[in-house]
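Take a look at the structure below.
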Amino acid sequence: MTTSRGSQIRPITAHHANQLYQHGTLALLVPGLLEGTTTIGELLTHGDTGIGTGEGLDGELIILDGVAYKVGSSGVAERVPDDFTMPFANVHHAAFQYQCARSDIGLEELNRRIVEANGRANTFFSVIVRGTFSFMKTRAVIKQQAPYPTLVEVADRQAMFLRHDVKGTMLGYFSPLMFHGAAVAGFHEHFLSDDRTFGGHVLDAVLDHGEIYSQVFDTLVQHLPVDDPQYRAHDFSNDPIAEAITSAEGDTK
Ligand SMILES: [Zn+2]
271 MTTSRGSQIR PITAHHANQL YQHGTLALLV PGLLEGTTTI GELLTHGDTG
321 IGTGEGLDGE LIILDGVAYK VGSSGVAERV PDDFTMPFAN VHHAAFQYQC
371 ARSDIGLEEL NRRIVEANGR ANTFFSVIVR GTFSFMKTRA VIKQQAPYPT
421 LVEVADRQAM FLRHDVKGTM LGYFSPLMFH GAAVAGFHEH FLSDDRTFGG
471 HVLDAVLDHG EIYSQVFDTL VQHLPVDDPQ YRAHDFSNDP IAEAITSAEG
521 DTK
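Basically our numbering = 1-based index in the sequence shown + 270.
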C-alpha cells in the first residue's frame, strides 16, 4: 500500500489542537447551578490540559499532562479520581508554541504582553508560564453544599494563599471580550507548583523568571449539561451574569 506524501502531513485539526472544549459556562455558576455534570474521566477524552472547578465549587482544578489536581480550601494540591464531577471546565490537547522568556514582571503586565505578542485579542488561546515566581497569590473557594448559593454569595467564602519563590506552572485561558458570560473576558489562570503541593486560582503573581508558551484555538466546543434538571428548568432572565462574573472571576488584582 502506498501512502501519498500529503497524507503524512497531519493537519493540526486532526488531533483537535485547534479546539478548546468547554463544559458548562461560567454563566451557569452565577445563579448557583453547581451540580457536577461531567467527570474528569470524560473531560480527559477531550484533552490533556485544562482548568475547572468541582461540584459545589469544590476546589480549583488544573490538568497537566493528562493528570488532574485539585487545590481545595486547605491550599494543598491533591490528585483527583476519574469520577470526580464538575459543573465547569476548560480542556484542550496541548500543542503549545514557545513565545518568549520573561523576568521580573508582574501578572498584569505579563498578561498584557502575552496578548500583545499573540496579536489575537478576539480569539481564545491558552498560555503556559513555566518558571520561578517571586510570589504567587492564589485562592480556592470553600466547597458549598446544596441548595447552592449564588456566585456573588460565595465571594467571601474562599481561602487565600501566598507563596514566595515558588517554582511551577501557571496555566491560563484567554477569552475574547464578546464571550464574557460563557467565560470570563481576559485571562483565567490556575497554578500548580512543581512539587505538586501548592496551587489554586491565580489572583496575583510576580514572575521572577520563566518561559511562556501559547496555543491559539480557532474553534470553541461548548458542551452544555442538557440533561441536568436544574439547568433545564432555570430561568436566567434575572441573573446578573456579566457583573457577577466580573466581580467573582475577573479581578486578578
Ligand atoms: Zn479559577
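Virtual Cβ for every residue (Gly too), placed ideally from N, Cα, C.
Notebook entry, point to check: Between VAL397 and ILE511, which are expected to be in contact by the criterion C-beta below 8 Å, what is the C-beta distance as a whole number of angstroms?
Noted result: Position 127 of the sequence shown holds residue 397. Position 241 of the sequence shown holds residue 511. Rounded, the Cβ-Cβ distance is 25 Å, inconsistent with contact.
Next item on the list: Please state if the CB of ILE321 and the CB of VAL350 are separated by a distance shorter than 8 Å.
Entry: Position 80 of the sequence shown, counted from the first residue, corresponds to residue 350. Position 51 of the sequence shown, counted from the first residue, corresponds to residue 321. No, these two residues do not count as a Cβ contact at 8 Å.
Next item on the list: Indicate whether THR402 and ASP478 have their beta-carbon atoms separated by less than 8 Å.
Entry: As a working note, residue 402 is residue 132 in the sequence shown. As a working note, residue 478 is residue 208 in the sequence shown. Yes, these two residues count as a Cβ contact at 8 Å.
Margin query: Only counting the same chain, and skipping five residues up and downstream in sequence, which positions put a Cβ closer than 6 Å to that of VAL422?
Written below: Working through the sequence shown from its first residue, we reach residue 422 at position 152. Around VAL422: ALA514.
Check: Comparing alpha-carbon positions, which option in THR323, HIS316 and VAL346 lies nearest THR355?
Finding: Translated into positions along the sequence shown, residue 355 becomes position 85. Nearest Cα to THR355 within the set THR323, HIS316 and VAL346: THR323.
Notebook entry, point to check: When the Cα of THR439 is compared with those of TYR368, LEU334, GLN369 and GLU312, which residue comes out closest?
Noted result: Position 169 of the sequence shown, counted from the start, is the residue given in the question as residue 439. Minimum Cα distance to THR439 is reached at LEU334.
Checklist line | Option in GLN485, SER463, THR467 and PHE457 with minimal Cα separation from LEU473 | finding: Numbered from its first residue, the sequence shown carries residue 473 at position 203. Taking only the C-alpha atoms, the option nearest LEU473 is PHE457.
Check: Of the choices LEU296, GLN289 and LEU290, whose alpha-carbon is the least far from that of SER517?
Finding: For the purposes of this step, residue 517 is taken as the residue at position 247 of the sequence shown. Proximity to SER517 across LEU296, GLN289 and LEU290 peaks at LEU296, based on C-alpha coordinates.
Next item on the list: Report all residues from its chain with a CB closer than 7 Å to the CB of ILE279; omit the five preceding and five following residues, and keep chain order.
Entry: Within the sequence shown, residue 279 is the residue found at index 9, counting from 1. For ILE279, the pLDDT reaches just 45, beneath the cut-off of 50, and the residue's location in the model is therefore unreliable, leaving the point undetermined.
Next item on the list: For ASN388, name the three-state secondary structure that DSSP assigns.
Entry: Taking the first residue of the sequence shown as 1, we reach residue 388 at position 118. In this structure, DSSP gives ASN388 a helical state, which the three-state scheme calls helix.
Item checked: Same chain, Cβ closer than 6 Å to PHE506, five either side skipped, listed in chain order -> For the purposes of this step, residue 506 is taken as the residue at position 236 of the sequence shown. Contacts found: none.
Next item on the list: With hydrogens ignored, establish whether the beta-carbon of ILE515 is closer than 7 Å to any heavy atom of ligand 1.
Entry: Numbered from 1 along the sequence shown, position 245 holds the residue referred to as residue 515. Checking every heavy atom of ligand 1 against the Cβ of ILE515, none is found closer than 7 Å.
Notebook entry, point to check: Between which two residues does the alpha helix (DSSP H) carrying TYR501 extend?
Noted result: Position 231 of the sequence shown, counted from the first residue, corresponds to residue 501. 499-503 is the span of the alpha helix (DSSP H), which, as asked, contains TYR501.
Next item on the list: Report all residues for which the CB-ligand distance to some heavy atom of ligand 1 is below 7 Å; order them along the chain.
Entry: Going by the Cβ distance cut-off, the answer is ILE321, THR323, GLU330, HIS458, HIS460, HIS471 and GLU519.
Checklist line | Beta-carbon separation (whole angstroms), HIS450 vs PHE358, contact threshold 8 Å | finding: Residue numbering aside, residue 450 sits at position 180 when the sequence shown is read from its first letter. Residue numbering aside, residue 358 sits at position 88 when the sequence shown is read from its first letter. Not confirmed; about 15 Å, so no contact.
Next item on the list: Indicate whether LEU528 and GLN428 have their beta-carbon atoms separated by less than 8 Å.
Entry: There is no way to answer for residue 528, as the model of the chain reaches only from 271 to 523.
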